[in-house]
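Shown next, in structure tokens, is the structure this report addresses.
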Amino acid sequence: MKIIKIIGITVITVLLFINKAKAQLPSMDPAYQLVWADSFPGTYGVRIDASKWNQLWPWNQADSVAQSMCDTNIHYDIAYDKWYLATPGDYLDTTNCKINGGNLNQYCRKQNFSGDCWTWPSCNPLSNCNGWGYCDIPLQNKCWHRQNKFFKYTGTNLISKYKFKYGYFEMRFKTPPAATYPNRYSTSTNFWLWANDSIMPWSEIDIMEKRDSDNWVTSNLHYNHYPESGNVPLHNEFFNNGQISANSWHTVGCLWTNARIVFYLDGVEVNHLTKSDIHPDSLLAMPIIIGIGGPAGNFCQLFNPTYSLDYNWQIDYVKVWQINKDCNTAKTYCNNYNPIVSKLYQSVTLDGSTCSDAITNTNYTSLYGTNYVLLNEGFSIDNNSAVLMDILDCNSTIQNNIMSSGLAPTSFVPKNKKIPTQ
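Residue numbers (our numbering): 6 to 427.
What follows is the structure in structure tokens.
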């Protein structure tokens, strides 16, 4: 039996894998606990869980067209994210976002639709915003303007009512085959995190962006690093993860800690970034977004009005794990490894001058400290055990009820104008 034995004193200050621990997913790590999930239970017609999801960003959509990311001279039709809240208490629209057989089904369709669009033009503090209400001084003199616009396509989004900082995020999904010639799906199906604030103009982790025309999967990262923000451009990282098969279940995941971001596809690590590449601790707490829309402008694809379109994908679950924390405890193990209680401690010390022991025949052991993990002389690990050690900070968060869907600012909406509510 092979033994890895510590001679002298070893202090872990960076991520260390011993034996096969690297092959394990964070969801299998005993230090991580499930903190949020939706498995979309129920049969056809069950409403989306409105305690977990919004369908709409607070600022809604601004227009029915967008400028091309690949050619600024081109403006193209975009899909409207359908939502419906006619009166307070109404459930979410299930036309493009519905539960069927315990799965979430999301659709993008070629469909004429009159969509509710909002813009926020600048205004004089004493103006009446052309009859739409008064300027909102806390929003730096922005006026809320609402109008219906004609759309040729519809899609859908779900945006979590929780924000997360750090953790392991995973989604299981199924996608249809690429369209046959001459049709082409110009849609994009996505699983991502995004937020911004006055300090961080952009904070985004694209766990998966999929080009539906050929089921090509990418992962990306975009952010401004404080205090380098301001006029500093976005920091961007792009990864091509390859083509996935249709009509079969796949998983995509992302581990985000203060020290690294790791992307997974079907349980296998495909790409990772560390502090030598990025500033993962600078990213904001962010909600989860799952959706389908288009066109896939990030892939330089546009809708072709001569092609038919009725695309849908299925999602089995979305889950989030975060590390179990006990950050005020300095943990010491001495002849008592059975069992090791995996958590994030202030520090972890293995063996001392009066004891010597080994981790043996253990499938997965994780040892995390905010300050250090100390391995004293005599500590050993056999080849049948998998051990992961790392230094992490104690700032993982989960925040509830952080955004409302489609709420117009009541401070400057006339009383005779109806306000969407949730």
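Don't be surprised by glycine CBs; every beta carbon is placed ideally from N, CA and C.
Nothing here was measured: the structure is a model prediction, and the numbers come from that model.
For residue i, the nearest candidate out of the options (CA to CA)
i	options	result
Met176	Thr337, Trp326, Asn400 and Ser347	Trp326
Trp62	Thr124, Asn389 and Pro31	Thr124
Ser429	Asp387, Thr354 and Ile295	Absent from the structure is residue 429, since the part of the chain shown begins at 6 and ends at 427.
Asn405	Tyr167, Gln152, Gly120 and Phe243	Tyr167
Ser32	Thr256, Leu226, Asp202 and Cys75	Thr256
Asn162	Ser390, Trp58, Gln72 and Ser69	Trp58
Leu307	Ile83, Phe169 and Ala36	Ile83
Ile266	Ile403, Cys360, Tyr171 and Leu39	Tyr171
Met291	Phe174, Pro181 and Glu242	Phe174
His277	Ser287, Trp261 and Asp271	Trp261
Thr375	Ile403, Glu382 and Thr334	Thr334
Gly160	Ile386, Tyr85, Pro182 and Trp199	Tyr85
Thr367	Ser390, Ser73 and Cys360	Ser390
Tyr158	Asn110, Thr100, Ser127 and Gln152	Thr100
Leu397	Ile386, Val353, Tyr338 and Asn388	Val353
Cys399	Lys348, Gly383 and Phe384	Lys348
Ala36	Phe45, Tyr350, Trp254 and Tyr377	Tyr350
Asp395	Asp356, Ser44 and Tyr377	Tyr377
Asn429	Gln29, Asp356, Glu382 and Thr365	What the structure shows of the chain is the stretch from 6 to 427, and residue 429 is not part of that stretch, so it cannot be assessed.
Arg216	Tyr373, Pro182, Gly383 and Asp34	Pro182
Asp34	Leu355, Ser401, Asp356 and Val346	Val346
Asn309	Arg114, Leu289 and Phe45	Arg114
Ala42	Thr77, Ala363, Phe169 and Leu226	Phe169
Asn329	Ser401, Ser281 and Pro285	Ser401
Lys179	Leu355, Asn220 and Gly272	Asn220
Classification of residue i by the beta-carbon crowding that lies within 10 angstroms, buried from 16 upward
i	result
Phe155	exposed
Leu380	buried
Lys336	buried
Cys102	buried
Ile204	exposed
Thr370	buried
Gln66	buried
Lys185	One detail in the question is off: residue 185 reads as Thr in this sequence, not Lys. Exposed, by the Cβ-count rule.
Gln4	The requested residue 4 does not occur in the structure, where the chain is confined to residues 6 to 427.
Phe268	buried
Tyr312	exposed
Phe384	buried
Phe243	exposed
Gly94	Residue confidence is low: Gly94 scores 49 on pLDDT, short of 50, so the model does not pin down where it sits. Its coordinate-derived value is still stated next. Exposed, since its Cβ has fewer than 16 Cβ neighbours within 10 Å.
Val392	buried
Asn117	exposed
Ile12	Here the model assigns Ile12 a pLDDT of 46, short of 50, so the residue's position is not dependable, and the following value carries that caveat. So Ile12 ends up on the exposed side.
Ala91	Here Ala91 scores only 43 on pLDDT, less than 50, and its place in the model should not be relied on; the value that follows carries that caveat. Ala91 comes out exposed.
Extent of the continuous beta strand (DSSP E) run through residue i
i	result
Tyr377	Thr370 to Leu380
Asn263	Where Asn263 is concerned, there is no enclosing beta strand (DSSP E), given that its DSSP letter is neither H nor E.
Pro292	Met291 to Gly298
His150	His150 to Lys170
Tyr316	Asp315 to Ile328
Trp41	Tyr37 to Asp43
Tyr81	His80 to Asp82
Met394	Val392 to Ile396
His284	Careful: His284 lies outside any beta strand (DSSP E) and carries neither H nor E.
Cys113	Asn108 to Thr124
Asn388	Neither: Asn388 is in no beta strand (DSSP E) and is coded neither H nor E.
Gln404	Thr402 to Asn405
Asn105	Cys102 to Asn105
Gln29	Element bounds for Gln29: n/a, residue is neither H nor E.
- Task: Count the CB pairs spanning the stretch 297-307 and the stretch 239-251 that are closer than 8 Å, and state whether there are at least three.
- Result: no
- Query: How about the stretch 314-322 and the stretch 207-214: do they share at least three Cβ pairs that are nearer than 8 Å?
  - Reply: no
- Message: Extract the residue ranges of the beta strand (DSSP E) inside the stretch 186-259, only unbroken runs of 3 or more that lie entirely within it.
- Response: 193-200, 208-216, 221-228 and 240-248
- Inter-stretch contact at 8 Å, needing at least 3 Cβ pairs: the stretch 188-198 / the stretch 283-295: yes
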